[in-house]
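**Q**
In the working numbering, the protein residues as written are 71 to 404.
Here's what the structure looks like:
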């Protein structure tokens, strides 16, 4: 039996070789048809994108915008969800460097601690685009551009509206603040902008400020604590709609009427937040648009081609009152 196997081995080897060649030929055809793996030969741009997570309606809309825009632009997207952890984002960026993608884009979980991995990308010759959130790196050459909102401005718009509403207040106006994730650019900047704006009226005082991590659950939990600790709350400023929506539950459970007993100001203008505003439960929203996908893909093509792009690109946004929310809601995409 051993002798027969020895004699038949060349035949088996030839058959295996033929099948390998056949499979290889099919796989190569598949790659050219789908664009998978052939990014350098077919001229297709590959983008590695690391997303913060899925903590809010805003983030979900942002992810959809990026994925749909990549498909429309013919860009191969390698997408990663960091689940709110910086170490996951750093790992994803290093994977993208190893995979030799054409462009890396990400929305940083926090502002600090990126210099090392960004330098690795720069040394590998891979351009980096920051989206939605920026970093505090002193070396601006570590990334090509930052595409996103002016978070300080959003906080100021919220504060300026409140100053106007409370200009006739004769006594103290007690404000509680639901901050975004600790160390995140939107949280830092919105807090700063709001504080600068309300300084115009010494009656406006933030009596409690705590993170709700941009989530509904966090907003509800922290608002419950605020209500127990502070018998008189006049205003809630939430750094995003989702925390404000969570706070609505806590306010209602405490026997208070949101939008009347407590004035509620939020940022984002996602559909659920806009509905709360239209219903009179919220009082004012400063918009932060998540639909950055098309702009991001245009930038990716430009930086890959070696074109100069502005170091800072701001998204266009507005503000909403209850009446404006009612008008805008029927055509709201997110």
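Think of the CB as a built atom: it goes at the ideal place given N, C-alpha and C, for glycine as much as any other residue.
1. Please confirm whether residue 250 and residue 171 have their CB atoms less than 9 Å apart.
2. Mind checking residue 169: buried by the 16 CB within 10 Å criterion, or exposed?
3. Report the start-end ranges of each beta strand (DSSP E) in the region 155-227 that is 3 residues or longer and not cut off at the edges.
4. Excluding the 5 residues flanking residue 387 on each side, which residues of the same chain have their C-beta closer than 7 Å to its C-beta?
5. Less than 8 Å between the CB atoms is what I'm expecting for residue 314 and residue 352, so what's the real figure, rounded?
6. Exposed or buried, which one is residue 328 when buried takes at least 16 other CB atoms within 10 Å?
7. Once the 5 residues before and after residue 143 are set aside, which same chain residues still bring their CB inside 6 Å of it?
8. I'd like to confirm something about residue 175: is its beta-carbon nearer than 8 Å to some heavy atom of the ligand PLP, or not?
9. If you reduce the DSSP assignment to three classes, tell me which class residue 135 lands in.
10. Please report how far the alpha carbon of residue 349 lies from the alpha carbon of residue 396, in whole angstroms.
11. Are residue 245 and residue 163 closer than 9 Å when you measure CB to CB?
12. Do residue 234 and residue 259 have their C-beta atoms within less than 9 Å of each other?
13. Am I right that residue 399 and residue 345 are in contact with their C-beta atoms under 8 Å? What's the rounded C-beta distance?
14. Determine the direct distance from the alpha carbon of residue 121 to that of residue 133, and round the result to whole angstroms.
15. Nearest to residue 273 by alpha carbon, out of 247, 240 and 291?
16. Under a three-way DSSP split, which group does residue 381 fall into?
17. Should residue 97 be labelled buried (16 or more other beta-carbon atoms within 10 Å of its own) or exposed?
18. Going along the chain, which residues of its own chain have a beta-carbon closer than 7 Å to the beta-carbon of residue 270, five neighbours each way excluded?
19. Going by other Cβ atoms of all chains shown within 10 Å of its Cβ, with 16 needed for buried, is residue 378 buried or exposed?
20. So, at 7 Å on beta carbons, what are the nonlocal neighbours of residue 155 in its own chain, with the 5 sequence-adjacent residues on each side left out?
21. Which runs of the alpha helix (DSSP H), 4 residues or longer, sit entirely within the region 276-336?
22. Can you look up residue 148 in the DSSP assignment and give me helix, strand or coil?
23. What is the rounded straight-line gap between the Cα of residue 265 and the Cα of residue 308?
24. Is residue 274 close to chain C, meaning its C-beta is less than 9 Å from at least one C-beta of that chain?
25. Pull up the distance between the alpha-carbon of residue 190 and that of residue 197, whole angstroms please.
26. What does a CB cutoff of less than 8 Å around residue 374 pick up in its chain, not counting 5 residues either side in sequence?
27. With a Cβ-Cβ cutoff of 9 Å, do residue 336 and residue 175 count as a contact?
28. Among residues of its own chain, excluding the 5 on either side of residue 275, which ones have a beta-carbon nearer than 8 Å to its beta-carbon?
**A** For this structure:
1. no
2. Label assigned to residue 169: exposed.
3. 173-176, 198-201 and 215-218
4. Cβ within range, chain order: 219, 357, 358 and 359.
5. 6 Å
6. Buried is the call here.
7. 367
8. Absence of the ligand PLP is noted for the structure shown, with no ligands found whatsoever.
9. helix
10. 8 Å
11. no
12. no
13. Contact flag correct, Cβ pair sits at about 7 Å.
14. 8 Å
15. Cα-wise, what sits closest to residue 273 is 240.
16. In this structure, residue 381 counts as coil in the three-state DSSP scheme.
17. Caution is warranted here: a pLDDT of 27 is assigned to residue 97, below 50, making its placement in the model unreliable, and no coordinate value can be reported.
18. 233
19. Residue 378 comes out exposed.
20. 179
21. 286-299 and 311-323
22. strand
23. Straight-line measurement puts the Cα of residue 308 at about 13 Å from the Cα of residue 265.
24. In the structure shown, chain C cannot be found, because there is only a single protein chain.
25. Approximately 11 Å between the Cα atoms of the pair.
26. 115, 172, 173 and 197
27. Not a contact, by the Cβ cut-off of 9 Å.
28. 242, 243, 244 and 245
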